[in-house]
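Right, one structure below, let's go through it.
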Amino acid sequence: ADGLVKQVGFLWAPNWTFLFMVFLPLFFTFVIELLLFWKNEGRLRIVAAGNRVESDAAWARNVDASSYTYWAVFIVCVLFAGVFQWIGVCLVPLVKGGGNYAIDWGKLALVRPEVISVPMEIVFTAFAYLYMCLCFYLFFVGLILLHTMINDLWKIGGASRSRPRIDYQYHVHEIGLRVMRGIFRCTVLGLLIAVCMKAQSSYLASNGKNIVAWLLADMSSALYEGKDMGKGFSYRMPTHYSSLLIAISTIIVFLYGSIRLGAGSRFHFPMWKMSAAVGLLFTSYLLIDAFTGFSILLCLAVLLAMYGLIDPELGRWRASDWGSNQNVS
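Right, dumping it as structure tokens:
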């Protein structure tokens, strides 16, 4: 019982849940900002006609073409991320009084019935999972819109080959780089969300007092050869699968943008730096709790990712260099 109650300690101890609540709104903010730029400025600068009404109509058609995808994602998020996961993770353990899951806010009634009753816990977790699946849906909608934007820019760029003027090609590549900067920021935030989810669930299966102490103990064990952290508890952690889905989906969108917008351009150097940062963060996500000292790699990757949110090109580089090189050649 002491071990179970100790696992409930994360409700009051410092944890990464608040970071999740920061990263998700930031993701939505960057997606909206990038969409507004593309629709109101970027697209108008490179379409053949340059007419706002025609440009808006073409963009609306591109968005409407993915309507079935939105519905499919909505159904998957509601059924699997919402209903099925709630039944397996919360409802069944609460009704049957057991289950091979860590005790968290969704099963607090099992060990602290004086705090909250089982019926109230069921209702609370139902609303919490409904909120979570809607957040997942909005997150994937953002990824679909980014994919639509990449595809739209790629098609316009392909049609622009019939207009080989240097200044026009420069505008296309400049807008492509700005789009990729925004997609890089969204990718970083998506991976940080996945990191928060996996780190939280891995902590619950550990014997750490709180998530900060757990990370510091892992770091100390690697640097100073301290005592072993122990194997922890053999709990099922479904959040690992949800976080993996978020991480892989985010990576796919970034790779698609890198291939469509980065190949054949003169922006290879900043693209390589962004790709390296994304690769490091994804690797650190996969290696969470995989070996002693994973927290060192994780901290380095998170610090680089946070810097990437401020400076997506990860160092001084100017798109005007491309234009000057073209003029010289």
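Everything in the sequence shown is counted per my numbering, starting at 7 for the first residue and increasing by one.
Note that CB positions come from ideal geometry on N, CA and C, so glycine has one too.
Here the structure is a predicted model, which means the values were calculated and not measured.
For residue i, tell me which candidate among the options has the shortest Cα-Cα distance.
i: LEU198; options: ARG58, ILE294, LEU144 and ILE150; result: ILE294
i: SER255; options: TRP160, ASN57 and LEU152; result: LEU152
i: MET155; options: ALA71, TYR313, PHE288 and PRO318; result: ALA71
i: ALA253; options: LEU210, VAL28, LEU195 and TYR262; result: LEU195
i: VAL82; options: THR35, LEU159, LYS102 and CYS139; result: CYS139
i: LEU304; options: PHE43, PRO318, LEU286 and GLY164; result: LEU286
i: VAL89; options: LYS102, THR131 and GLY263; result: THR131
i: ALA6; options: VAL95, PHE29 and ARG49; result: Given that the chain is displayed from residue 7 to residue 335, the structure contains no residue 6 and the question cannot be resolved.
i: PHE260; options: VAL69, ARG191 and GLY112; result: ARG191
i: ARG184; options: VAL59, GLU47, ASP62 and ASN57; result: GLU47
i: GLY1; options: ALA296, VAL53 and PHE29; result: Since the first and last residues shown for the chain are 7 and 335, residue 1 lies out of range.
i: VAL101; options: VAL129, VAL84 and LEU250; result: VAL129
i: LEU250; options: ALA296, LEU306, ILE265 and TYR291; result: TYR291
i: LEU32; options: THR193, ASN157 and LEU159; result: THR193
i: LEU97; options: ALA296, LYS161 and PRO125; result: PRO125
In terms of residues, what are the limits of the alpha helix (DSSP H) holding residue i?
i: GLY314; result: 300–316
i: GLU60; result: 58–70
i: TRP77; result: 73–82
i: ALA219; result: 217–230
i: ILE265; result: It is not in any alpha helix (DSSP H) - ILE265 carries neither H nor E in the DSSP assignment.
i: LEU116; result: LEU116 -> no alpha helix (DSSP H), and no H or E assigned at all.
i: ILE52; result: 49–52
Where does residue i sit, in a helix, a strand or coil, going by DSSP?
i: GLU319; result: coil
i: VAL334; result: Low confidence applies to VAL334: its pLDDT is 36, below 50, so where it sits in the model is not reliable enough to give any reading.
i: VAL121; result: coil
i: SER281; result: helix
i: LEU293; result: coil
i: SER212; result: coil
i: GLN164; result: According to the sequence shown, residue 164 is Gly rather than Gln. GLY164: helix per DSSP, three-state reduction.
i: GLY103; result: coil
Quick check: is any heavy atom of the ligand GTP less than 7 Å from the C-beta of residue i?
i: ARG184; result: This structure lacks the ligand GTP; in fact it carries no ligand of any kind.
Go through its chain and collect everything with a Cβ distance to residue i's Cβ below 7 Å, but skip five positions before and after it.
i: VAL11; result: The pLDDT assigned to VAL11 is 40, lower than 50, so where the model puts this residue is not dependable, and the model offers no usable value.
i: ALA228; result: THR298, GLY299 and ILE302
i: SER123; result: ALA115
Can you list, in chain order, the residues of its chain whose CB lies under 8 Å from that of residue i, leaving out five sequence neighbours each side?
i: SER248; result: ALA87, GLN91, PHE142 and MET203
i: LEU144; result: PHE34
i: THR75; result: ILE150
i: LEU41; result: LEU151 and MET155
Can you list, in chain order, the residues of its chain whose CB lies under 6 Å from that of residue i, leaving out five sequence neighbours each side?
i: LYS279; result: LEU320
i: LEU267; result: GLY182 and MET186
i: TRP65; result: LYS45
i: VAL79; result: PHE146
i: GLY1; result: Nothing can be reported for residue 1: it is not among the residues displayed for the chain, which extend from 7 to 335.
i: ARG51; result: HIS177
i: ILE38; result: none
i: ARG49; result: SER61
i: PHE29; result: LEU195, LEU198 and ILE199
Just checking my contact of residue i with residue j at CB under 8 Å: how many whole Å lie between their CB atoms?
i: GLU127; j: LEU136; result: With a Cβ gap of about 15 Å, GLU127 and LEU136 do not count as contacting.
i: ALA200; j: ILE217; result: Not quite, the Cβ-Cβ distance comes to about 16 Å (not below 8 Å), so this is no contact.
i: GLY314; j: ALA282; result: Actually they are not in contact, since the Cβ atoms of GLY314 and ALA282 sit about 10 Å apart, beyond 8 Å.
i: PHE36; j: GLY263; result: Actually they do not touch by this definition, with Cβ atoms about 14 Å apart.
i: SER207; j: HIS179; result: Contact flag wrong, Cβ pair sits at about 42 Å.
i: ILE257; j: PHE288; result: 6 Å
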